[in-house]
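Chains A and B, in that order, give the protein sequences. Residues 1 to 332 (my numbering) are what the first sequence spells out, left to right. Residues 333 to 664 (my numbering) are what the second sequence spells out, left to right. No residue lacks a Cβ here, since even glycine has one placed at the ideal position from N, Cα and C.
There are 2 protein chains.
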Amino acid sequence: MSEPLISLEAKEAPKRIAEQLEENDHATDKLGSHLKLMKPRYIYIVGRGSSDHAGTFAKYLFEIETGIPVASAAPSVTSIYGKKLNLDKALVLVISQSGRSPDILAQAEMAKQSGAFVVALVNDENSPLCDITDAVLPLKAGEQNAIGATKSLLTTLSALLQFAAKWSSNKELRRSIYDLPELLEQSIKAPSIIQPELLTDVKDCAILGRGFGYAVAREVAIKLVGLCGIHAEPFSSAEFLHGGVSLIEQNITVLNTLIQDESFKSHMAQVRQFEQRGVSLHHIKQPFKKIPPRFAPLTVLQRFYLDLPEIAKARGIDPDNPPGIQKITRTL
Amino acid sequence: MSEPLISLEAKEAPKRIAEQLEENDHATDKLGSHLKLMKPRYIYIVGRGSSDHAGTFAKYLFEIETGIPVASAAPSVTSIYGKKLNLDKALVLVISQSGRSPDILAQAEMAKQSGAFVVALVNDENSPLCDITDAVLPLKAGEQNAIGATKSLLTTLSALLQFAAKWSSNKELRRSIYDLPELLEQSIKAPSIIQPELLTDVKDCAILGRGFGYAVAREVAIKLVGLCGIHAEPFSSAEFLHGGVSLIEQNITVLNTLIQDESFKSHMAQVRQFEQRGVSLHHIKQPFKKIPPRFAPLTVLQRFYLDLPEIAKARGIDPDNPPGIQKITRTL
Numbered sequence: 001m002s003e004p005l006i007s008l009e010a011k012e013a014p015k016r017i018a019e020q021l022e023e024n025d026h027a028t029d030k031l032g033s034h035l036k037l038m039k040p041r042y043i044y045i046v047g048r049g050s051s052d053h054a055g056t057f058a059k060y061l062f063e064i065e066t067g068i069p070v071a072s073a074a075p076s077v078t079s080i081y082g083k084k085l086n087l088d089k090a091l092v093l094v095i096s097q098s099g100r101s102p103d104i105l106a107q108a109e110m111a112k113q114s115g116a117f118v119v120a121l122v123n124d125e126n127s128p129l130c131d132i133t134d135a136v137l138p139l140k141a142g143e144q145n146a147i148g149a150t151k152s153l154l155t156t157l158s159a160l161l162q163f164a165a166k167w168s169s170n171k172e173l174r175r176s177i178y179d180l181p182e183l184l185e186q187s188i189k190a191p192s193i194i195q196p197e198l199l200t201d202v203k204d205c206a207i208l209g210r211g212f213g214y215a216v217a218r219e220v221a222i223k224l225v226g227l228c229g230i231h232a233e234p235f236s237s238a239e240f241l242h243g244g245v246s247l248i249e250q251n252i253t254v255l256n257t258l259i260q261d262e263s264f265k266s267h268m269a270q271v272r273q274f275e276q277r278g279v280s281l282h283h284i285k286q287p288f289k290k291i292p293p294r295f296a297p298l299t300v301l302q303r304f305y306l307d308l309p310e311i312a313k314a315r316g317i318d319p320d321n322p323p324g325i326q327k328i329t330r331t332l
Numbered sequence: 333m334s335e336p337l338i339s340l341e342a343k344e345a346p347k348r349i350a351e352q353l354e355e356n357d358h359a360t361d362k363l364g365s366h367l368k369l370m371k372p373r374y375i376y377i378v379g380r381g382s383s384d385h386a387g388t389f390a391k392y393l394f395e396i397e398t399g400i401p402v403a404s405a406a407p408s409v410t411s412i413y414g415k416k417l418n419l420d421k422a423l424v425l426v427i428s429q430s431g432r433s434p435d436i437l438a439q440a441e442m443a444k445q446s447g448a449f450v451v452a453l454v455n456d457e458n459s460p461l462c463d464i465t466d467a468v469l470p471l472k473a474g475e476q477n478a479i480g481a482t483k484s485l486l487t488t489l490s491a492l493l494q495f496a497a498k499w500s501s502n503k504e505l506r507r508s509i510y511d512l513p514e515l516l517e518q519s520i521k522a523p524s525i526i527q528p529e530l531l532t533d534v535k536d537c538a539i540l541g542r543g544f545g546y547a548v549a550r551e552v553a554i555k556l557v558g559l560c561g562i563h564a565e566p567f568s569s570a571e572f573l574h575g576g577v578s579l580i581e582q583n584i585t586v587l588n589t590l591i592q593d594e595s596f597k598s599h600m601a602q603v604r605q606f607e608q609r610g611v612s613l614h615h616i617k618q619p620f621k622k623i624p625p626r627f628a629p630l631t632v633l634q635r636f637y638l639d640l641p642e643i644a645k646a647r648g649i650d651p652d653n654p655p656g657i658q659k660i661t662r663t664l
């Protein structure tokens, strides 16, 4: 079997990101300066599917690095309930690969009309989304032919990182951002982080994570669902205690995302509580330990995207043609 | 077998809510007037577990009824990553039954210090949370002895409704709010909305919903997990298209929450797409059709809480003593 499209596209990510960081260098400088003056009251993020997982990453990133609260849009408030929100003095980030989904466009238009400063993170620079917004950060991910976004999600996360680096006062992030492509190249060469055997016969499983690790868990879960037909549900390990933990009685397989950042100690303390209750956890570990903490989620996903088609194949699924899923989904 | 505690407590809800609406009448008047003057820029909601589902309900409620954007807290930003957010000019709603969970208290303190107007929706009026906040809306749910919150969630939703009714310009809501207890009484007497047979042998399932129906779906799912040991995952029907839909190939059982409000038509159009792909859906319907739309989610949950112990029993589980779950969970 030739290499699946999804692997080929995932492997493009480091190069695409290197280009993106260079091409957006000036645009993110300008954006950072503007936002330091503007001082938005809060950030409102619009996105669906994998873009919504990038939104979870962005929530932690911007709240932690800038101290500005981040909200996630419920697009149906506008598209279905017909309500216009007052987003005056907000920074609105619209994350979309195609820039064409009708409910995402409706949110962007509403944001603009109500006085928000609207920034699009978008792959298709000719999309109607770019005509609406105040600024565009092109993802430069190139064309997607695989079922399942990989490089476009990684390029979204890198764009968010560069944006946060220029806006926040995190000097380490600003200094190290250009090392990211090389770290992702190394992740590609690193050993796999999920053994396909672990999931070959699994019908359902839980994916735990906390903080940035929860954003990773959400993305890992949706990919296992969409490409491998596994009912994988993501849980914040904190929320898991409030109910999900009962699934342990059903001998459900539990995977746990380990991110080496400020959350590591307390996340592990919680995970040990689960282990004391008899759960055997399988850790999804970073390919490398000593790296800038904000890059860790990207290295995990980069490596996971290469393990993913192997998991699918072990289950008898063609990763380039999984049953039941379409590439681009438009939501009304 | 005597009636399970969880049913007895769920049946208390209408009476508790009648008392609550009367006792909080003046406090919500005052709160409504204050917020009309204050004009908060956005709302920031803090809560975990079922309280977080109340937060999902609150997001739709306040965005739709007041046009003010709503964010949901990621408590670990403060408790784990040690970051203080700037919540100046925000309305912060802290939803907590016990008012004692350390990470929830840390969020409330941070909000107060950074200049937010903080309102607690709390059951225990002697809890430390009440000492921190600007205003308290007591839930008046009484003591909880069952495993699994029922009346405390319903009283949270009713408190949110009364609050929104006084603050917004929705006159119908203000006029009809005092009819809510009677509608819930009728829901108790209505026929069951989920037949236990449907879920007796189910290992995992998906619960769909859109808008307010999604808030209901989240609560239904966590209860089926916690009390019945079913791996039930909630999906916004819009997000389901972006991945979850693949589970259809696994012949997963799909339940769909139907709420008769502005979302009904487009939600049904989406659901029909799933049906065309061969999914057989089981609808969770409102006990009554012609009621004020914002009350519909509460009538569904009121009735569901009485079906829930029957589903547990059909699976051989004692609903008052389900394996693997504890009543009150404190998160560090």
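Could you spell out where the beta strand (DSSP E) holding residue i opens and where it closes?
i	result
Thr253(A)	253–257
Leu505(B)	Where Leu505(B) is concerned, there is no enclosing beta strand (DSSP E), although the alpha helix (DSSP H) it sits in stretches over 503–508.
Asp179(A)	Asp179(A) -> no beta strand (DSSP E), and no H or E assigned at all.
Leu469(B)	467–470
Exposed or buried, which one is residue i when buried takes at least 16 other CB atoms within 10 Å?
i	result
Lys622(B)	exposed
Ile6(A)	buried
Phe572(B)	buried
Gln20(A)	buried
Thr465(B)	buried
Pro434(B)	exposed
Thr156(A)	buried
Arg609(B)	exposed
Cys205(A)	buried
Leu35(A)	buried
Met110(A)	buried
Ser33(A)	exposed
Glu355(B)	exposed
Pro689(B)	Since the first and last residues shown for chain B are 333 and 664, residue 689(B) lies out of range.
Pro322(A)	buried
Gln429(B)	buried
Arg507(B)	exposed
Ser568(B)	buried
Ala549(B)	buried
Glu457(B)	exposed
Lys503(B)	exposed
Going by DSSP, what residue range makes up the alpha helix (DSSP H) through residue i?
i	result
Pro196(A)	196–199
Phe572(B)	569–572
Gly541(B)	Per DSSP, Gly541(B) belongs to no alpha helix (DSSP H); it is in the beta strand (DSSP E), 536–541.
Ile464(B)	461–464
Gly545(B)	544–560
Ser701(B)	Since the displayed chain B opens at 333 and closes at 664, residue 701(B) lies outside it and no answer follows.
Let me check one thing: in DSSP terms, what residues is residue i bridge-paired to?
i	result
Ala564(B)	Cys537(B)
Using a C-beta cutoff of 8 Å, does residue i count as contacting chain D?
i	result
Glu233(A)	In the structure shown, chain D does not exist; the protein chains are A and B.
query: How about the region 80–89 of chain A and the region 101–121 of chain A: do they share at least three Cβ pairs that are nearer than 8 Å?
result: yes
- prompt: Is it a yes or a no for the region 618–635 of chain B touching the region 573–593 of chain B, going by three-plus beta-carbon pairs under 8 Å?
  reply: yes
task: Any chance you could list the beta strand (DSSP E) runs of at least 3 consecutive residues sitting entirely within the region 19–98 of chain A, in chain order?
output: 43–46, 70–72, 91–96
query: What are the complete alpha helix (DSSP H) segments, minimum 4 residues, inside the region 97–126 of chain A?
result: 102–113
field: Sequence ranges, beta strand (DSSP E) only - wholly within the region 583–654 of chain B, length at least 3
entry: 585–589, 613–616
- request: Decide yes or no for the touch test of the region 514–532 of chain B against the region 374–392 of chain B: beta carbon pairs closer than 8 Å, at least 3 of them.
  value: no
- prompt: Are three or more beta carbon pairs between the region 344–355 of chain B and the region 480–497 of chain B nearer than 8 Å?
  reply: yes
message: Across the region 57–66 of chain A and the region 160–175 of chain A, are there enough close Cβ pairs to call them in contact, namely three or more that are closer than 8 Å?
response: yes
query: Hey, is the region 190–206 of chain A in contact with the region 303–315 of chain A, meaning 3+ C-beta pairs nearer than 8 Å?
result: yes
query: Hey, is the region 27–34 of chain A in contact with the region 121–138 of chain A, meaning 3+ C-beta pairs nearer than 8 Å?
result: yes
message: Under 8 Å, with one C-beta from each stretch per pair, do the region 507–515 of chain B and the region 561–570 of chain B reach the 3-pair mark?
response: no
task: Specify whether the region 401–417 of chain B and the region 66–73 of chain A touch according to this definition: at least 3 beta carbon pairs, one from each stretch, less than 8 Å apart.
output: yes
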